[in-house]
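The sequence shown: position 79 = 106 (our numbering), numbered continuously.
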Amino acid sequence: MLKLRSIRIVLVSLFGLALLMVMPPTFGSVKAEDNRTQAENVVNSSSDSVGQAMTSKRTANATMGCSYRTHVQNVGWQSFVSDGIISGTEGQGLRLEGIEVKLENVSGDVGIEYATHVQNVGWQNYVNNGAMSGTYGQSLRLEAIKIRLTGADAENYDVYYQVHAENFGWLDWAKNDASAGTEGFGLRLEAIKIMVVSKGDPAPGATVRPFVTTNIQMTYQTHVQNIGWEGWKQNGELSGTTGQNLRLEAIEIKNDNSESNVGLKYQTHVQNYGWQGWKEDGEMSGTSNQSLRLEGIQIQLTGANAELFDVYYEAYVEGFGWMPWVMNGESAGTEGLALRLEGIRILVQLKGSTAPKNSENTLGFMAQLVNKNHSVPADYVPGDLVWVNLPSTRDTQLRADATQHLIQLFNGASAQGLTLYCCSGYRSYATQTTLYQSNVEMYGVAGAELVSARPGMSEHQLGLAMDVTSATVDFDLVENFGATAEGQFIRDHAHEYGFIVRYPQGKTNITGYAYEPWHLRYLGVPVATTIHNSGKTMEEFYGIY
28 MLKLRSIRIV LVSLFGLALL MVMPPTFGSV KAEDNRTQAE NVVNSSSDSV
78 GQAMTSKRTA NATMGCSYRT HVQNVGWQSF VSDGIISGTE GQGLRLEGIE
128 VKLENVSGDV GIEYATHVQN VGWQNYVNNG AMSGTYGQSL RLEAIKIRLT
178 GADAENYDVY YQVHAENFGW LDWAKNDASA GTEGFGLRLE AIKIMVVSKG
228 DPAPGATVRP FVTTNIQMTY QTHVQNIGWE GWKQNGELSG TTGQNLRLEA
278 IEIKNDNSES NVGLKYQTHV QNYGWQGWKE DGEMSGTSNQ SLRLEGIQIQ
328 LTGANAELFD VYYEAYVEGF GWMPWVMNGE SAGTEGLALR LEGIRILVQL
378 KGSTAPKNSE NTLGFMAQLV NKNHSVPADY VPGDLVWVNL PSTRDTQLRA
428 DATQHLIQLF NGASAQGLTL YCCSGYRSYA TQTTLYQSNV EMYGVAGAEL
478 VSARPGMSEH QLGLAMDVTS ATVDFDLVEN FGATAEGQFI RDHAHEYGFI
528 VRYPQGKTNI TGYAYEPWHL RYLGVPVATT IHNSGKTMEE FYGIY
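Take a look at the structure:
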């Protein structure tokens, strides 16, 4: 029995072993699969980490920037720097001569191009993507630069740049093709910073004054009686008219170069209104369709670079003609005299430049200045001479308007019990030649120069001057006429009738002539009154000597 049990156990064991051998290895397969899954998970996890790292790297690279280097006097090419780092030098007086700029980590369709303003060359053509702009080996300074982005995706970014300019130091930041530096001053760039930022990001600093130029394109136009708006004028050109008795009614003034950072404001004195409020940059000052004259004007510069310039303007005024240039907010024209502006010139100059020369009035104009430096042609004869029908020591002529006012002057003196006499009015060139030569023979050249005009340099040839005298001084032309009642009347009241004492006491160093209390010059009541009240000679008043 025991033996059979043993045999039975052996058979069962053998059967179980055979069964195990033919069964699929399910358990071992699961374990191996688990191992593979774990390995794959490790690989996948590693791949995810690499992917995340690459994604992070791509994200970092998405911030596009630029690098740049400059060629510096005595140094040569510096190393590339980027993103707002200074390239060049400060405080060493070394010029930039060339520059290369390129983008880094470019994302999308974006390029960069730039142009420089070079000494003796001006603005060069644009170059791009790392090419050199400027020069090297020629000792030519960079003076200004413009940088801009190109391509379909450029609209997603802004490029800012800031330069260090000789005498100015660091100017403000420029942006997107605006000029940075100086133009017209002959000043070197010494250093630069450049940054590319996403569109709409804040500027790296102030942006008010990135560029300074002498190219102020001041233009102006006037609305003229019977004509309307004239075309735009510039650089001291006449706007309006002269000698046609046409009033200015309005004016517009603007600077066409917005990069100059110079603006302006202006106001006009208008008939029946007085001073209007200030207007700016192309706005109309004055009136239209109201037939009202402009009588005065004031102009001032505004903006970040205004302090570097002066604005000059001169007005052609009824009766006065061209008045002296004024500047920087001073009044040109008149106020309270009811006189029209007829023409104007405007000029902007670098501060410290020579002031423009005052304009002379044309031949035959009532306020024409004649003296030792400003003469009359030998053949000039006024076209409206008339014989003067007044008490006289000799027959004499004067221009018609002057004659009428001289009659009023004599009547005014007569009303005070004084009798004046005409002595000498219009003289031709030939008559003045004879008179001057006679004085040379009597007093010598130096003496004659004090008491007599050379031919062509006498106001008498204009037909606007009259020598007057009285019985008190035996009808002579002498200095003590000024102390007589008649002379004092002339001194105190001649301007009320349109005359001035042309060669007053104490002004010989200006007029070139000795005191002549008898010599009257007709200018018209407004002009004569204004000059008399100013205490100036014609030379001083008009600024022409």
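Every residue, glycine too, gets a C-beta built ideally from N, C-alpha and C.
State the beta-bridge partners of Trp302 as determined by DSSP. His296
Collapsed DSSP secondary structure at Ser56 in the structure displayed: Here the model assigns Ser56 a pLDDT of 36, short of 50, so the residue's position is not dependable and the matter cannot be decided.
Which residues bound the beta strand (DSSP E) around Met565? It is not in any beta strand (DSSP E) - Met565 instead sits in the alpha helix (DSSP H) that spans Met565 to Tyr569.
Taking 9 Å as the threshold (C-beta atoms), are Asp283 and Met245 in contact? yes
If you check the beta carbons only, do Gly313 and Ile278 fall under 9 Å apart? yes
To which residues does DSSP link Lys260 through a beta bridge? Tyr247
Do Met159 and His649 have their beta-carbon atoms positioned less than 9 Å apart in this structure? Residue numbering for the chain in the displayed model covers 28 to 572; residue 649 lies beyond these limits and cannot be assessed.
Less than 8 Å between the CB atoms is what I'm expecting for Tyr569 and Asn385, so what's the real figure, rounded? 6 Å
Would you list, in sequence order, the uninterrupted alpha helix (DSSP H) runs of no fewer than 4 residues that lie entirely inside the segment 428-489? 456-478
Any contact between the segment 269-278 and the segment 358-378? By contact I mean 3 or more CB pairs, one from each, below 8 Å. yes
Cα-Cα separation between Met565 and Val235, rounded to whole angstroms: 46 Å
Check whether the Cβ atoms of Thr511 and Tyr448 sit closer than 9 Å, and answer yes or no. no
Ends of the beta strand (DSSP E) at Gln325? Leu321 to Thr329
Going along the chain, which residues of its own chain have a beta-carbon closer than 6 Å to the beta-carbon of Ala394, five neighbours each way excluded? Phe347, Gly348, Asn388, Leu550 and Val554
Between the segment 509-528 and the segment 451-465, do three or more beta carbon pairs fall short of 8 Å? no
Assuming Asp337 and Lys378 are in contact, meaning their beta carbons sit under 8 Å apart, how far apart are those beta carbons, in whole angstroms? 5 Å
Leaving aside the five residues before and after Arg96 along the sequence, list all residues of the same chain whose C-beta is less than 8 Å from its C-beta, in chain order. Trp104, Gln105, Ser106, Phe107, Val108, Ser114, Ile126 and Glu127
I'd like to check one pair, Ile172 with His144: are the Cβ atoms closer than 9 Å? yes
Quick test of your reading: Leu328 and Val289, contact by CB under 8 Å. State the CB separation rounded to the nearest angstrom. 6 Å
Is the Cβ-Cβ distance between Gly605 and Asp110 less than 9 Å? Since the first residue of the chain shown is 28 and the last is 572, residue 605 is not available in this structure.
For Asn398, does the three-state DSSP call read helix, strand or coil? strand
Among the residues of its own chain, which have a CB less than 6 Å from the CB of Asn152, if the five just before and after it don't count? none
Could you spell out where the beta strand (DSSP E) holding Ala207 opens and where it closes? Ala207 to Glu210
I'd like the span of the beta strand (DSSP E) that includes Val128, first residue to last. Leu123 to Glu131
In whole angstroms, give me the CA-to-CA distance for Lys24 and Asp180. Outside the displayed span of the chain (28 to 572) sits residue 24, for which this structure offers no information.
Nearest by alpha-carbon distance to His432: which of Leu547, Tyr141, Val148 and Thr241 is it? Leu547
Simplified DSSP assignment, three categories, for Phe508: helix
Can you tell me whether Val397 is buried or exposed, with buried defined as 16 or more other CB within 10 angstroms of its CB? buried
Identify whether Glu387 lies in helix, strand or coil by the three-state DSSP scheme. coil
Helix or strand or just coil, what does DSSP make of Pro553? helix
Between which two residues does the beta strand (DSSP E) containing Asn282 stretch? Leu275 to Asn282
Is it right to say Lys306 is buried, meaning 16 or more other beta carbons lie within 10 angstroms of its own, or is it exposed? buried
What does Ser358 pair with, by DSSP beta-bridge criteria? Its beta-bridge partners do not exist; DSSP assigns none.
According to the neighbour-count rule (16 or more other Cβ atoms, all chains shown, within 10 Å of its Cβ), is Glu217 buried or exposed? buried
Who does Gln376 pair with in a DSSP beta bridge? Asp337
Under 9 Å, do Glu286 and Ala205 count as touching if we go by C-beta distance? yes
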